[in-house]
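Numbering (the working numbering), first residue to last: 1 to 141. Each residue gets a CB set at the ideal place from its N, CA and C atoms; glycine is no exception. All figures in this text were calculated on a predicted structure; none of them were measured in a lab.
Set out below in structure tokens:
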């Protein structure tokens, strides 16, 4: 899963000083991984000889799961995390936390919400009633 899969890269431009400027929107403004992501993006460009590069945090719009690519959602599912179902306008936090989220393991919709919070605040914990596997659901944000 990459920052591109998550839709966190909002743009790449070259400024007047000939710097590559990457605009990054974290999944939430207090994300503890933001500095690490900035460093990794800078290193990726530098390793490819693309310098100078500057990564700027763009909070002009809040990140949303609507920005996730279909490939990113597929990667989540393959990893065992149910991707967001619907878009952020149609599935606010409480609407999305209902039974019937598709199980990423067996594709059953016979699932049950166990906890509004899973391994991170942006995920909820579900259990499949068919295969009995627990799984995280990435909430629509």
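- Here the alpha carbons of residue 78 and residue 104 stand approximately 7 Å from one another.
- Annotated as distal: residue 106 and residue 140, with beta-carbon spacing of 8 Å or more.
- The Cβ-Cβ distance between residue 56 and residue 42 does not fall below 8 Å.
- Closest option to residue 28, judged by alpha-carbon separation, among 128, 17 and 6: 6.
- Residue 126 sits in a strand when the DSSP states are folded into three classes.
- Collapsing the DSSP output to three states places residue 82 in a strand.
- Between the alpha carbons of residue 8 and residue 64 lies a gap of roughly 9 Å.
- Judged by DSSP in its simplified three-state form, residue 109 adopts coil rather than helix or strand.
- Collapsing the DSSP output to three states places residue 54 in a strand.
- Contact annotation: residue 136 and residue 123 have beta-carbon atoms nearer than 8 Å.
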